[in-house]
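Here's the structure, in structure tokens; my notes come after.
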Ligand code: NAD
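Residue numbers (my numbering): 16 to 313.
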């Protein structure tokens, strides 16, 4: 079997376009643009790239983007003060604090300060709680993007055996919750799981969110499995090259021989994350401004 390549890049482009159309009708109804504020503390180069691309994506989707760049030595009070102002600002529908924060700042405290109604990253404990009891709230962007790809490919997931490798609060746990809500039979595997290979082998759906390059090989997978590779790992550069290749947690070439479908890295889950961030912000804008949005429209 040669697996079908799940084209996350194309799916994400379609979602961004739809969000852009909703942004135009939102602006007509609300008399203002939907807005996302991104707060960056410090000079981390990867974070700067992420923040820039989030800002650009907002503008391309007819939304307003507000960037707050703060120095490495920003105090706790200063940062919490910025969040308080954004919480109170009617032009801001979504607030995202780019992680990681410098060591002297407590990420949990900072996330807890964001209004749950503007927490478009879905990291606030209120939104995590809503997800776990099946109430509507904001769901973290990466797992929601994975779910959209799975629903698009498989339709009804009822009764399917799903294994999520990784139990982080931002990917593994919410992913498992979403699969459970979709009536899959879910196992969360992690670094202490015994005989991980045989656990993964029984899965119809595998979601790998570990951070270990090409860990999942051909002999880990059931014939016909659907594989969602969340991992982003940079290999050491080959001779004469400046940068190493980006690979996922799954050995794409090997897995393609047994899986029915698989997301590539890059071009799979990665592009979905920003697209879902825009989608969540658009949903927040409708709720905050009291403009109706049909359930499931986005
Ligand atoms: P994390 O480090 O917080 O969690 C990793 C998880 O993997 C842990 O729960 C741990 O128990 C598990 N793990 C570690 N070693 C293991 C092993 N040998 N066997 C089984 N499980 C093991 O990471 P995270 O934030 O959840 O991210 C996971 C990966 O996904 C990383 O590569 C990250 O870069 C990537 N990621 C991608 C996106 C995206 O937009 N595509 C978004 C978030 C994270």
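Positions of the beta carbon are idealized from the N, C-alpha and C atoms, including for glycine.
Reference residue i, options the options, closest by Cα
i, options, result
"residue 118", "106, 131, 90, 140", "90"
"residue 179", "161, 27, 173", "161"
"residue 271", "195, 97, 229", "229"
"residue 109", "311, 299, 313", "299"
"residue 283", "18, 17, 16, 25", "25"
"residue 54", "241, 154, 28, 82", "82"
"residue 154", "306, 304, 309, 294", "294"
"residue 175", "241, 88, 286", "241"
"residue 296", "72, 61, 17", "72"
"residue 107", "219, 78, 122, 234", "78"
"residue 75", "36, 105, 47, 61", "36"
"residue 120", "210, 268, 88", "88"
"residue 165", "137, 63, 140, 199", "199"
"residue 213", "167, 303, 231, 147", "231"
"residue 288", "94, 135, 92, 46", "135"
"residue 243", "233, 277, 256, 216", "277"
"residue 208", "126, 225, 195", "225"
"residue 218", "62, 172, 114", "172"
"residue 197", "22, 170, 211, 187", "170"
"residue 237", "216, 223, 280, 256", "216"
"residue 49", "144, 305, 311", "305"
"residue 57", "84, 41, 68", "84"
Contact test: residue i Cβ vs the ligand NAD heavy atom, cutoff 7 angstroms
i, result
"residue 180", "yes"
"residue 68", "no"
"residue 205", "yes"
"residue 183", "yes"
"residue 295", "no"
"residue 278", "no"
"residue 247", "yes"
"residue 202", "no"
"residue 241", "no"
"residue 284", "yes"
"residue 221", "no"
"residue 227", "yes"
"residue 17", "no"
Residue i - DSSP class collapsed to helix/strand/coil
i, result
"residue 244", "strand"
"residue 52", "strand"
"residue 313", "coil"
"residue 249", "strand"
"residue 315", "Absent from the model: residue 315. The displayed extent of the chain is 16 to 313, so no value can be given."
"residue 209", "coil"
"residue 180", "strand"
"residue 200", "strand"
"residue 164", "helix"
"residue 141", "helix"
"residue 25", "helix"
"residue 41", "helix"
"residue 257", "coil"
"residue 155", "coil"
"residue 272", "coil"
Opposing strand residues paired with residue i [DSSP bridges]
i, result
"residue 277", "20, 242"
"residue 84", "55"
"residue 231", "265"
"residue 220", "177, 241"
Task: Minimum length 3: unbroken beta strand (DSSP E) runs contained in the segment 56 to 82 - done: none
Task: Secondary structure, alpha helix (DSSP H): runs of 4+ residues fully inside the segment 90 to 117 - done: 91 to 103
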